[in-house]
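Asks:
Here is the structure:
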């Protein structure tokens, strides 16, 4: 499974979000991010306990990544937009994609953002279901 790195968030996800999704509110420069929060968001999906992955599947990793990128606010602004592009880049690196309507994706990101922290497990589970519902295999859709 291919990880997404801080450099990829900066050069791919962040720039895509800024260029394509930064309509009403500008996204601040990458260097203004809150120290170590982004790095933590990217590391958590790959944590192990007793040599076993805490988040064993691609969908598990993608779900917690998306949740943390939205809820932990690694950036001053644009967290939902950057989380969305980061999720898509992570899936793409692993030959997957989400075939979902933009408005529905936006509504889902708002639901995650507005969810109470005490419902984290339920929201991450809902994120898994959302991803499963729209996940496509890029290998089958190429050529």
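Residue numbers (the numbering used here): 24 to 166.
Even glycine gets a Cβ: it sits at the ideal position worked out from N, Cα and C.
Just reading off the alpha helix (DSSP H) that residue 65 is part of, what are its end residues?
Replies: Taken as a continuous stretch (DSSP letters only), the alpha helix (DSSP H) holding residue 65 covers 60–66.
Asks: Would you say residue 106 and residue 93 are within 8 Å of each other, going by their C-beta atoms?
Replies: It is a contact, given that the beta carbons lie within the stated cut-off.
Asks: What does the alpha-carbon distance come out to for the pair residue 146 and residue 50?
Replies: Rounded to the nearest angstrom, the two C-alpha atoms are 25 Å apart.
Asks: Apply the 10 Å Cβ neighbour rule to residue 109 and answer buried if 16 or more other Cβ atoms are within range, or exposed otherwise.
Replies: Buried, since its Cβ has 16 or more Cβ neighbours within 10 Å.
Asks: Please state whether the Cβ-Cβ distance between residue 64 and residue 100 is less than 8 Å.
Replies: Taking 8 Å as the Cβ cut-off, residue 64 and residue 100 do not qualify as a contacting pair.
Asks: Kindly list the residues whose CB is nearer than 8 Å to the CB of residue 28, restricted to its own chain and excluding five residues on each side of it in sequence; keep chain order.
Replies: Excluding sequence neighbours, residue 28 sits near 65.
Asks: Assign residue 69 to one of three DSSP states: helix, strand, or coil.
Replies: It is helical.
Asks: Can you tell me where the beta strand (DSSP E) holding residue 119 begins and where it ends?
Replies: Unbroken beta strand (DSSP E) run through residue 119: 119–121.
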